[in-house]
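Just below is one structure, and these are the notes that go with it.
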Amino acid sequence: MGSSPAPFSDIGKRAKDLLTKDYNFDQKFTLSVVGSTGLGLTANGLKRDQIFVGDINTLYKSGNTTVDVKVDTYSNVSTKVTVSDILPTTKAVFSFRIPDHKSGKLDVQYLHPHAAFDSSIGLNPTPLLELSATIGSKDLSLGGEIGFDTASSLLTKYNAGISFNKPDFSAALLLTDKGQTLKASYIHAVDSCNGTAVAAELTHRFSTFENSFTLGSSHVINPLTVVKTRFSDNGKAGVLWQREWRPKSLVTVSAEYDSKALNASPKIGLALALKP
3 MGSSPAPFSD IGKRAKDLLT KDYNFDQKFT LSVVGSTGLG LTANGLKRDQ
53 IFVGDINTLY KSGNTTVDVK VDTYSNVSTK VTVSDILPTT KAVFSFRIPD
103 HKSGKLDVQY LHPHAAFDSS IGLNPTPLLE LSATIGSKDL SLGGEIGFDT
153 ASSLLTKYNA GISFNKPDFS AALLLTDKGQ TLKASYIHAV DSCNGTAVAA
203 ELTHRFSTFE NSFTLGSSHV INPLTVVKTR FSDNGKAGVL WQREWRPKSL
253 VTVSAEYDSK ALNASPKIGL ALALKP
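Remember, our numbering sits 2 above the position in the sequence shown when you count from 1.
Written out as structure tokens, the structure is:
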């Protein structure tokens with residue numbers, strides 16, 4: 003299945019990850035403990051302004067079944083059960099939240115050598131239906147997604163995209179927001195020896211004729227340290243420093259300066275992820 007195209011949600015993901023992934027301007031703490039019996043525990047804490055929120059996540063794996071249960075500070079319980087290979091290259095995901103009795107959802111994902119399908123249906127009397135599909139190969143793929151609300155008989159979304167991927171670069175074109183926004187992204191590995199890569203995302207909104215762009219870079223200082231930068235046309239510039247100070251444990255410092263907000267201080271965030 004190595005030639006299978008990626009799911010629709012992965013179109014443009016490589017560039018988006020370089021430009022946005024791990025940037026955080028709050029104080030965040032994560033502790034993950036993985037047991038030898040397939041049981042894992044993750045605790046997350048986030049301080050934003052003067053508000054602290056957190057959650058505890060329990061993950062249990064047995065054979066081809068994974069059960070993921072998360073409880074947050076507001077006593078909401080989210081449960082996700084994933085069963086892989088119920089049919090060849092097929093995965094089913096059942097999820098629900100308590101106390102939201104209408105949150106039940108069933109996702110079914112299927113991979114074909116030249117196609118990938120993902121369907122979702124809400125488990126309630128008036129469900130939300132979603133379907134996405136891509137065709138092609140791991141190098142070139144074309145896809146789309148659609149959402150339909152049976153309660154209102156209206157389409158909630160319809161998007162389309164195409165991507166071209168090679169080991170050293172990736173380009174993607176996405177039509178989103180029900181055809182109102184066009185996004186083009188590109189990422190290129192400039193130097194594979196030191197992990198230097200650059201990425202750009204251009205956005206055009208047809209309704210307002212507005213254009214925007216974001217440029218970014220990533221550089222591996224050494225096997226344990228990564229530095230990322232980004233700049234947007236709205237005057238915001240960001241930088242990220244991440245270090246693996248022990249195996250699978252990361253400390254990340256992010257900063258962002260808004261040149262158009264002259265009286266505002268730069269945003270600075272710290273994220274600490276521990277995995278004993």
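C-beta atoms are modelled at their ideal positions from N, C-alpha and C, and glycine is treated no differently.
Identity of the residue in the options nearest residue i by Cα
i    : options                  : result
T84  : T91, Y76, T75 and V95    : V95
A201 : L142, S220, D87 and K30  : S220
T254 : F119, Y25 and P90        : Y25
A153 : K104, S194, T22 and V192 : K104
S256 : L131, T75, L113 and G271 : G271
L156 : N224, A135 and P129      : P129
D179 : V222, A162 and S187      : A162
C-alpha gap between residue i and residue j, whole angstroms
i    : j    : result
D19  : D102 : 31 Å
A199 : S64  : 38 Å
S214 : K269 : 22 Å
L177 : L184 : 5 Å
A239 : L48  : 23 Å
E246 : Q29  : 18 Å
G149 : F119 : 14 Å
L61  : S97  : 14 Å
L133 : V73  : 29 Å
R16  : G181 : 22 Å
T91  : I123 : 20 Å
V241 : A45  : 26 Å
F208 : K168 : 30 Å
Under the three-state DSSP convention, the category residue i falls into
i    : result
L102 : The question names Leu, but residue 102 in the sequence shown is Asp. Three-state DSSP puts D102 in coil, outside helix and strand.
D74  : strand
A162 : strand
K250 : coil
D19  : helix
F27  : coil
Beta-carbon proximity list for residue i, same chain, < 7 Å, skipping 5 on both sides
i    : result
N126 : K104 and G106
D260 : G237, K238 and A266
Residue i burial status per 10 Å Cβ neighbour count (16 or more: buried)
i    : result
F10  : buried
K230 : buried
T227 : exposed
A263 : exposed
I13  : buried
Beta-carbon proximity list for residue i, same chain, < 6 Å, skipping 5 on both sides
i    : result
D70  : L61 and K82
S121 : V110 and L133
I100 : V79
S234 : T216
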